[in-house]
Amino acid sequence: MDDDAPPTRSPFVKLVTRVLHVYFALSRGMTMGVRAACFDEAGRIFLVRHSYVPGWHLPGGGIERGETALEALAKEMREEGNLVIGGPPQLLHIYFNRQTSKRDHVLLYRCDGVTQTGPRFKDREIVEAGFFALDALPAATTAATRRRLAEIAGEAPFADFW
Numbered sequence: 020m021d022d023d024a025p026p027t028r029s030p031f032v033k034l035v036t037r038v039l040h041v042y043f044a045l046s047r048g049m050t051m052g053v054r055a056a057c058f059d060e061a062g063r064i065f066l067v068r069h070s071y072v073p074g075w076h077l078p079g080g081g082i083e084r085g086e087t088a089l090e091a092l093a094k095e096m097r098e099e100g101n102l103v104i105g106g107p108p109q110l111l112h113i114y115f116n117r118q119t120s121k122r123d124h125v126l127l128y129r130c131d132g133v134t135q136t137g138p139r140f141k142d143r144e145i146v147e148a149g150f151f152a153l154d155a156l157p158a159a160t161t162a163a164t165r166r167r168l169a170e171i172a173g174e175a176p177f178a179d180f181w
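With this note's numbering applied, the sequence shown covers 20 to 181.
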C-alpha cells in the first residue's frame, strides 16, 4: 500500500480528466455518478486505489445512458471490489462535483452488510482495494473521502460540493 503522502492531482491527471469531460460534454448534457460507502459486518469501510488518480476513494463511477443509479451502484461495487450489497442502499446526499467539471453530480449511497465474493486483484483500473477500520484509514485517503466519512459519522454536516 502506498501510504507515503496525501494524494495530489498531477498535471497529467488533470489533463486526462479534462479530456474525458470534454468527451462527456459532447455525448451528455450533464454527468452523474454514484459513490458507495460500503461497510462490512465489522463496520469497516471499503476503499479503492485507482491507477489513474492518486489516493484511496469510495468505489463508484458514472451512470451510463439507460442505466438507473442503483444499477450503476451495484455494477461499480461488483467491478471495483467484487462486492455484494447486503440490503437496500440508502441515498445519503447529492453533491455538485465542480472540481471535475461544471456539470458533474455525485449520488452518495450508504451500503451496510456488504460482502466480498472474492479477492479483488490488481488490474488496469484498480491497483489496490480493501476494507479498513475507520480509525486506521490509509494515509493517502483523499480529503473528499475523509469528508464523506465525517458526514456519515455525524461529525460534519453534509456539504453541497464533493
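We put the CB at the ideal spot given by N, CA and C, even for glycine.
When C-beta atoms of the segment 57 to 72 are compared with those of the segment 143 to 158, three or more pairs fall below 8 angstroms, so the two segments count as touching. Using a Cβ distance threshold of 9 angstroms, Pro108 and Leu77 do not count as a contacting pair. Under the DSSP assignment, Gly100 falls in the alpha helix (DSSP H) whose first and last residues are Ala88 to Gly100.
CA-CA distance, Gly80 to Ala155, rounds to 25 angstroms.
For Ala91, same chain residues with a beta-carbon under 6 angstroms away, outside a window of 5 residues either side, are Val53 and Ile82 in chain order. For Leu168, there is no enclosing beta strand (DSSP E); the enclosing alpha helix (DSSP H) has its first and last residue at Ala162 to Ile171. Per DSSP, reduced to three states, the secondary structure at Val133 is coil, with no helix or strand assignment.
With the rule of 3 Cβ pairs closer than 8 angstroms, the segment 163 to 181 does not count as touching the segment 130 to 143. A check of alpha carbon separations from Ala152 across Arg122, Val41 and Ala56 identifies Ala56 as the nearest. Setting aside the 5 residues that flank it on each side, Asn101 is surrounded in the same chain by Gln135, Thr136, Gly137, Pro138 and Arg139, each with a C-beta closer than 8 angstroms to its C-beta; the list follows chain order. In the assembly as shown, Gly74 is a buried residue. Its beta-carbon has 16 or more other beta-carbons within 10 Å. Val41 has its alpha-carbon roughly 36 angstroms from the corresponding atom of Gly173. Within 10 angstroms of the beta-carbon of Ile113 lie fewer than 16 other beta-carbons, which makes it exposed.
Collapsing the DSSP output to three states places Val41 in a helix.
The Cβ atoms of Asp123 and Met51 lie closer than 9 angstroms to each other. For Phe177, there is no enclosing beta strand (DSSP E), as DSSP marks it with neither H nor E.
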